[in-house]
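Here is the structure we will look at, set down as structure tokens.
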Amino acid sequence: MSRTAAPAAGSGVRPVSRPVRISLLCHDCRPAAVLARGVLMSRLIRTAALLAALGVLPLLAGCSELTGKASAEQGPDGLGDPDSPFWVDPKSPAAAQLRQWQREGRGKDAATLRQIARRPVALWPSGKDAGATVRAATRAAEKADRTAVFVAYHIPHRDCGQHSAGGAEDAAAYQRWIWSFAEGIGNRRALVVLEPDAVGHNVDGCTPPQYHRERYELLRAAIDRLKQQPRTQVYLDAGNPGWLKDPARLAGPLRSAGIGRADGFALNVANFQSVAVNREYGHRLSRMLGGKHFVIDTSRNGLGPLTGNRREGWCNPPGRALGRPPTTATGDALVDAYLWIKRPGESDGACRGGPAAGTWWPDYALGLARRAA
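Numbering follows my numbering, with no gaps: position 349 of the sequence shown is 364.
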């Protein structure tokens with residue numbers, strides 16, 4: 016049973032315009048807290064007048080009021096998350112939908128959808144060459160002083176021929192793809208979630224046994240190649256607690272796949288298990304892996320999984336909600352981040368009236384956002 020939806024073909028990030036970087040200016044926007052309020056305000060007024068006369072004031076608009084914090088706005092719509100270190104794509108499908116609804120007079124729906132459009136979500140580069148997509152995103156993220164988040168999802172025999180079937184045609188093609196991916200990152204900051212379902216499908220028998228050894232070799236090589244980039248974090252996918260319920264089944268396969276060379280593992284990608292359940296599962300698995308850290312996909316787990324014995328509860332389940340926003344402030348020493356790895360609003364597959372896997376589905380996106388409000 017598939018648990019991860021691939022992006023639609025060609026849905027990689029488009030190059031974005033280069034925003035003005037204001038963080039260096041904002042480092043000098045510290046308030047003089049020792050001054051009396053009246054003196055401070057008069058100085059600010061005189062300074063503002065001088066800067067306006069010099070035409071410099073617009074450059075300082077990124078400094079929040081008397082805080083010295085840089086604005087996280089990364090586009091003309093004010094999309095960005097000041098509390099997250101991760102990059103927001105101002106040209107994401109959610110952002111484009113928001114602008115369309117604004118033009119159509121659907122202001123209330125646009126405001127609701129902003130809950131998705133303003134948050135950082137992972138990019139899933141597609142096609143035979145990931146380099147251009149990755150390069151464009153990491154350059155844009157660098158200019159915004161943020162970290163780009165990616166999913167590498169191109170392993171041969173991906174998804175056992177189900178909703179998200181595809182991937183590289185053979186091992187050599189995959190190695191070229193990963194090499195291009197890593198080259199696209201360069202020396203810029205990136206976080207990569209590596210191959211959702213790849214290890215899990217070896218464990219549950221979905222992937223034919225004759226491909227298991229090759230898959231582990233490819234995953235080890237991918238980790239090694241990505242970690243050659245000095246500012247790249249790599250988290251190897253480890254499924255979700257509702258799938259392989261005993262984490263002991265994963266420990267050996269994850270070691271075979273090179274988890275020791277990765278920064279950690281990823282849980283709940285494209286799934287709906289709660290943060291509490293993922294934490295408990297992740298701590299158990301971490302103990303088996305020498306204390307490895309992990310990240311959790313919280314994109315759609317705000318109300319947990321679909322209850323009851325329902326077939327394909329992972330595929331576009333009704334009544335779900337956005338989860339905790341992406342952040343590194345998790346309050347758990349082993350949980351490095353909550354991330355929106357699955358792009359909320361993109362279909363899990365052609366089920367429950369949804370379009371093909373990875374296709375933007377505005378009605379489903381709106382439902383996720385409404386129920387989170």
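Heads up, the beta-carbon is just placed ideally off N, CA and C, and yes, glycines get one too.
Everything numeric in this text was worked out from a predicted model, so none of it was measured.
L354 beta carbon less than 9 Å from that of Q130: no
Please name the residue, chosen from Q244, T162, E361, that lies closest to G201 on a Cα-to-Cα basis. Q244
May I ask you to list the residues that DSSP assigns as paired with F391? No statement about residue 391 is possible, as the shown extent of the chain runs from 16 to 388 and does not include it.
Let me check one thing: in DSSP terms, what residues is F287 bridge-paired to? For F287, which the question treats as bridged, DSSP gives no partner whatsoever.
List, from N- to C-terminal side, the alpha helix (DSSP H) runs of 4 residues or more that fit wholly inside the segment 186-229. 186-200, 213-218
For P361, which of P377, G346, Q288, A352 has the nearest alpha-carbon? It is worth fixing the name first, because residue 361 is Glu in this sequence and not Pro. Checked all of P377, G346, Q288, A352; the closest Cα to E361 is P377.
Length of the line joining the Cα atoms of A151 and R385: 32 Å
Thinking C-alpha only, which one of L383, R367, F280 is nearest R351? According to the sequence shown, residue 351 is Asp rather than Arg. Answer by Cα proximity: F280.
Report back the beta-carbon spacing between L241 and V207 to the nearest angstrom; my notes put them in contact at under 8 Å. 6 Å
Fully enclosed by the segment 261-330, which beta strand (DSSP E) runs are 3 residues long or longer? 279-282, 308-312
Between the alpha carbons of P320 and W116, how many angstroms are there, rounded? 29 Å
Under 9 Å between the Cβ atoms of R276 and I238? yes
Suppose the cutoff is 6 Å on Cβ atoms and the five residues either side in sequence are ignored; what does the same chain contact list for C330 look like? D363, G364, C366
Cβ of A186 within 9 Å of Cβ of V166? no
Under 8 Å by Cβ, that's how I've got R191 and G182 pegged, so tell me the actual separation to the nearest angstrom. Actually they do not touch by this definition, with Cβ atoms about 13 Å apart.
Can you tell me whether K357 is buried or exposed, with buried defined as 16 or more other CB within 10 angstroms of its CB? buried
Checking the sheet assignment: what are the DSSP bridge partners for D252? A281
Using 10 angstroms around the beta-carbon of S314, count the other beta-carbons present and answer buried if the total reaches 16, otherwise exposed. buried
Go through its chain and collect everything with a Cβ distance to S99's Cβ below 6 Å, but skip five positions before and after it. P135, P341, T342
Burial state of E295 (16 or more Cβ within 10 Å): exposed
In chain order, what residues of the same chain have a beta carbon less than 6 Å from the beta carbon of D144, not counting five sequence neighbours either side? S195
One question on the structure: do I170 and A126 come within less than 9 Å of each other, judged by their Cβ atoms? no
Start and end residues, beta strand (DSSP E) containing D351: 350-354
So, under 8 Å CB-CB, L259 and V218 are touching, yes? Tell me the CB distance rounded to an integer number of Å. 6 Å
Please say whether A205 and A163 have beta carbons closer to each other than 9 Å? yes
Can the beta-carbon of A266 be found less than 9 Å from the beta-carbon of Y231? no
Let me check one thing: in DSSP terms, what residues is R173 bridge-paired to? G181
I'd like the list of long-range same chain contacts for L349, defined as Cβ closer than 7 Å, with 5 residues on each side in sequence excluded. G297, H298, S301, H308, F309
Can you tell me where the alpha helix (DSSP H) holding W375 begins and where it ends? Taken as a continuous stretch (DSSP letters only), W375 belongs to no alpha helix (DSSP H), as it is neither H nor E.
With a cut-off of 8 Å on the beta carbons, I'd call A155 and A132 a contact; round off their distance for me. Not really, about 16 Å apart at Cβ, beyond 8 Å.
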